[in-house]
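S.K.: In our numbering, the protein residues as written are 831 to 1446. Ideal placement from N, C-alpha and C gives every residue a C-beta, glycine not left out.
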Ligand code: GLC
C-alpha cells in the first residue's frame, strides 16, 4: 500500500472508530443483537470507501476545512427537472453557463434514476438506484456533470427516494413472483385484516389520486403497503437487509459525485401498527445511522431532510449538537405562511411563524423556498389563527379560492391538488409568477396589474433572501415562468396537477432576461441585483441575529438582522395600497437597493414595496 492510499484509508478507519460504538448501539436497538448483520453493514461501508475516487476524497478534505460552506450568504440554490430544463444531463452540462449566470452554486436535479414511464411519480418510483434513466443519460453523464459542477464551484443535490421502490425494482419483481426473501423487504399481507387495522390510524398522502395505504398485488395474491401511489412499494426497514442495501445505494450516489442527499419522504420510513406511521422514534435512529454512514464514507456530503410536517415534527430532524441528523431541512411552514399572507394581506401569522424560526438555535440551517415541485399544503398554525376567529376548513377554502383566482379581485392562477371533499383539505399548485397574478395580468393586457404582480413576485424573492439559510429558486422563477396547462392533455400526467408548475423551461423567455422592459428581464435583473447585495453584505451570513421588527401595521412585515456591528432592517408591504412602517429606529441608514441614505423612521412603502436598510 503506498503512503497516500494508506492515509486515505486511515481517514476511513478513524472515522469508523469515532462512530463505531454509537452505530452498533443504534443498529442493535433496531435489529436486536445481530453481529452478522452489523458486520455486513460495516463491510459495506468499507467497500463504499474503497470505491470513492481519489478526487472525491480530496473534495471531502477541501470541504472539511470549510465546514460552514453551506451557511454562507453567497450560497444560492436552484431546483430543476433535467428534461424540462435541457432535455438530458448532457443538456444541463451545456447550459452550466446559464446556471452560473444565475449565481447558482447549489443545483438540485429532480429524480433522474431509472423509473418506469407513466408509473414513476415524476421519478419518485425508482426501479434501479444504480442507473440513470436512459431518458436523461447515464451514470457516466452524472459523474461528469458533477465534476464540471465542482470545477465551477457548484454543489449537486439529488433525491434519495428511500421510503419505497418502484413495483419494477428487481426486489419487487422477485416479490411478485413469490420470492419470500424479496417479499420480506416490503410489507406483504395475506389478506386485508392487518391492512384494515393500519388504515384506522394512518392518514392518506394522496386521498384523491391514490386513496388508501395498501394495494392488491394480483401476481403475488397478497396485499402490499403503498403509502404513496400503488406502484410505489414501501420498503420494510424492520429488515436489516433493507437498511444495509439502501445505505449502500445512497453511498453509491455520493460516490458518483452527489454532494447533497435529499432524503425523500423521510418521516414515513418506519411503520408500526396502531400509529400514524409518521415521525416514529425509529425514523430518527435510521436517519442518525445514515448520517454516520455518510460521515464515515463521504464526510463532505450533506443530508437534506424532506420533512413536510408541522414545525414541532420538523425540528427534531436536526438531531442534537452531539448527535446531528440532517444538515438542512425545508422551511415548509414559512413557505405556506408566505402564501397565506399573499392571500390575506395580513402579516400577523407570518410574524408569528418567523418569530418561532428566529428563536431556534443558529446552527439549524433551513432551506428557504417559495415554490418547489410539489403542491402547497396548508399546514398553518391554526391554534394561533384561532384568536382572530379563523377556522381551519373555511380558511383553507379561502386560501385555495383566492389562489386559484376564484375570489373577487384575485389575479392568482392556481389549481387544486388532491381535493377530497370529505377531508376539506385540498392543496394548491401553480408557479410563483402565476400565483402572484402575472399570468392573468398578461392575458388581460393590463399594464398596471402586471406592474403590481411583478412587484409582488420580486418582493417575495427579496423576503426569501432576507432569511438566514439557503435560498433555493425553482427553475424558471428567475424569469417569472407561468403555469403549463399542457399536462391536461398528457394521459400520464393529467391526474396530477403538480405538473401545472413542472413545465418545460422556456428558453425563449430566458432570452429576454437582459431586457428590463420585459417581465422576464425585470424579474431576472431585480433578482440579480438583490443576490449580489446579499452575497456582498456580511449581515446576510447565517450566523446573524434575527428578529421581528414591530411596524404597527398589519400589512407590513419587518425583519431585523444584526451581525458584527452591522444592522439591517428589512420591510415588506403586502398590502394593496401604500403603507407606512411605523418604526422609529435610531441611527443613519442606507437603502441597499437604491443606495439612498434615509432614516429608519415612519418608512413609507409602495404596495408590494420593500427596503433593505443598512446601518453600519
Ligand atoms: C416526496 C416528493 C413527492 C413525491 C413523494 C413520494 O414528497 O417530494 O414529489 O410524490 O415524495 O415519493
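1) Using the beta-carbon count (16 or more within 10 Å), is residue 1245 buried or exposed?
2) Tell whether a beta-carbon distance below 8 Å holds between residue 1421 and residue 1441.
3) Where does residue 1084 sit, in a helix, a strand or coil, going by DSSP?
4) Using a Cβ distance threshold of 8 Å, determine whether the segment 1036-1052 contacts the segment 1076-1086, with at least three qualifying pairs required.
5) Is the number of C-beta pairs between the segment 1127-1142 and the segment 1167-1178 that are closer than 8 Å three or more?
6) Would you tell me roughly how many angstroms separate the C-alpha atoms of residue 889 and residue 984, rounded to the nearest one?
7) Identify every run of the beta strand (DSSP E) within the segment 992-1055, keeping only runs that are complete inside it and at least 3 residues long; order them along the chain.
8) Roughly how many angstroms lie between the CA atoms of residue 1113 and residue 1139, to the nearest whole one?
9) By the three-class DSSP mapping on this structure, what secondary structure does residue 1524 have?
10) At what residue ranges does the segment 1116-1188 contain a whole run of the beta strand (DSSP E), taking only runs of 3 or more?
11) In the segment 942-993, which residue ranges form an unbroken beta strand (DSSP E) of at least 3 residues, counting only runs that do not cross its ends?
12) Spatial neighbours of residue 956 within its chain, please: CB distance less than 8 Å, with the 5 preceding and 5 following residues excluded, ordered by chain position.
13) Threshold first: 3 residues or longer. Then list the beta strand (DSSP E) segments lying entirely within the segment 879-944, N to C.
14) Buried or exposed, going by whether 16 or more other CB atoms sit within 10 Å of the CB of residue 910?
15) In this structure, what does DSSP give as the bridge partners for residue 1402?
16) Going by beta carbon distance, what residues of the same chain come within less than 7 Å of residue 832, once the five residues before and after it are set aside?
17) CB of residue 1204 to nearest heavy atom of the ligand GLC: below 7 Å?
18) Could you tell me the distance, in whole angstroms, from the CA atom of residue 836 to the CA atom of residue 1050?
19) Hey, is residue 1431 close to the ligand GLC, as in C-beta under 7 Å from one of its heavy atoms?
20) In chain order, what residues of the same chain have a beta carbon less than 7 Å from the beta carbon of residue 1385, not counting five sequence neighbours either side?
21) Is residue 1425 helix, strand or coil when you go by DSSP?
22) Beta carbon of residue 1331, beta carbon of residue 1201: below 8 Å?
23) Give a yes or no on whether the C-beta atoms belonging to residue 1393 and residue 1368 are separated by under 8 Å.
24) Contact defined as beta carbons within less than 8 Å: I believe residue 1094 pairs with residue 993. What is the distance between those atoms, to the nearest angstrom?
25) Roughly how many angstroms lie between the CA atoms of residue 834 and residue 1159, to the nearest whole one?
26) Return yes when the Cβ of residue 1387 is within less than 8 Å of the Cβ of residue 1180, no when it is not.
27) Flag this pair as touching only if the segment 1370-1379 and the segment 1265-1274 have three or more C-beta atom pairs under 8 Å; answer yes or no.
28) For residue 1393, which three-state DSSP category applies?
29) Provide the residue span of the alpha helix (DSSP H) that contains residue 1309, from first to last.
30) How is residue 1304 classed by DSSP in three states: helix, strand or coil?
31) Just to check, is the beta-carbon of residue 1094 closer than 7 Å to a non-hydrogen atom of the ligand GLC?
32) Are the C-beta of residue 1286 and some C-beta of chain C separated by less than 8 Å?
33) Starting from residue 1265 and walking both ways along the beta strand (DSSP E), at which residues does that stretch end?
34) For residue 1317, I'd like the list of residues in its chain whose CB is within less than 7 Å of its CB, leaving aside the five on either flank, ordered along the chain.
35) Please check the pair residue 850 and residue 1074, which I expect to be a contact at CB under 8 Å, by giving their CB distance rounded to whole angstroms.
36) Would residue 1147 and residue 1187 qualify as a contact pair, given that the criterion is a beta-carbon distance under 8 Å?
M.R.: Result, derived from the coordinates:
1) Note on residue 1245: 16 or more other CB atoms within 10 angstroms of its CB, so buried under the neighbour-count rule.
2) Closer than 8 Å, so yes.
3) Assignment of residue 1084 by DSSP, reduced to helix, strand and coil, places it in the helix class.
4) No: the two stretches stay apart, fewer than three of their Cβ pairs being nearer than 8 Å.
5) With contact defined as three or more Cβ pairs closer than 8 Å, the segment 1127-1142 and the segment 1167-1178 are not in contact.
6) In this structure, the alpha-carbon of residue 889 lies about 12 Å from that of residue 984.
7) List check, beta strand (DSSP E) in window: 994-996, 1044-1047 and 1052-1055.
8) Counting only the Cα atoms, residue 1139 lies some 14 Å from residue 1113.
9) Because the chain here runs from 831 to 1446, residue 1524 falls outside it and cannot be looked at.
10) Taking only runs of at least 3 residues, the beta strand (DSSP E) segments lying wholly in the segment 1116-1188 are 1132-1135 and 1158-1160.
11) Fully enclosed beta strand (DSSP E) runs of 3 or longer: 958-962 and 985-990.
12) Correct list, in chain order: 941, 943, 944, 945, 991, 995, 996 and 999.
13) Listed in chain order, they are 907-910 and 936-939.
14) Counting C-beta atoms within 10 angstroms of its own C-beta, residue 910 has 16 or more neighbours from the protein chains shown and is therefore classed as buried.
15) According to DSSP, residue pairing for residue 1402 in a beta bridge involves 1387 and 1440.
16) Because the pLDDT of residue 832 is 44, which lies under 50, any placement of that residue in the model is unreliable, and the question is left without a value.
17) Result yes, Cβ under 7 Å from the ligand GLC.
18) Confidence in residue 836 is poor, its pLDDT being 44 and thus under 50, which makes the residue's placement unreliable; the coordinate value appears in the next sentence. If you draw a straight line from the Cα of residue 836 to the Cα of residue 1050, it comes to about 50 Å.
19) Checking the Cβ of residue 1431 against the ligand GLC gives no.
20) Closer than 7 Å at the Cβ level, and outside the excluded window around residue 1385, lie 1175, 1177, 1403, 1404, 1405 and 1409.
21) Coil, per DSSP.
22) Contact check for residue 1331 against residue 1201 passes: the beta carbons are separated by less than 8 Å.
23) Contact flag set, yes.
24) So it is a contact: roughly 7 Å between Cβ atoms.
25) Because the pLDDT at residue 834 is just 43, under 50, the model does not fix this residue reliably, and the value given afterwards should be weighed accordingly. Whole-angstrom Cα-Cα distance: 36 Å.
26) Annotated as proximal: residue 1180 and residue 1387, with beta-carbon spacing under 8 Å.
27) Segments in contact, no.
28) The three-state reading of DSSP puts residue 1393 in strand, counting E and B together.
29) No alpha helix (DSSP H) contains residue 1309, which DSSP labels as neither H nor E.
30) Residue 1304: strand per DSSP, three-state reduction.
31) Residue 1094 Cβ: within cutoff of the ligand GLC.
32) In the structure shown, chain C cannot be found, because there is only a single protein chain.
33) Per DSSP, residue 1265 belongs to no beta strand (DSSP E); it is in the alpha helix (DSSP H), 1262-1266.
34) Within the same chain, residue 1317 has close Cβ partners 1323, 1324, 1329 and 1330.
35) Actually they do not touch by this definition, with Cβ atoms about 16 Å apart.
36) No.
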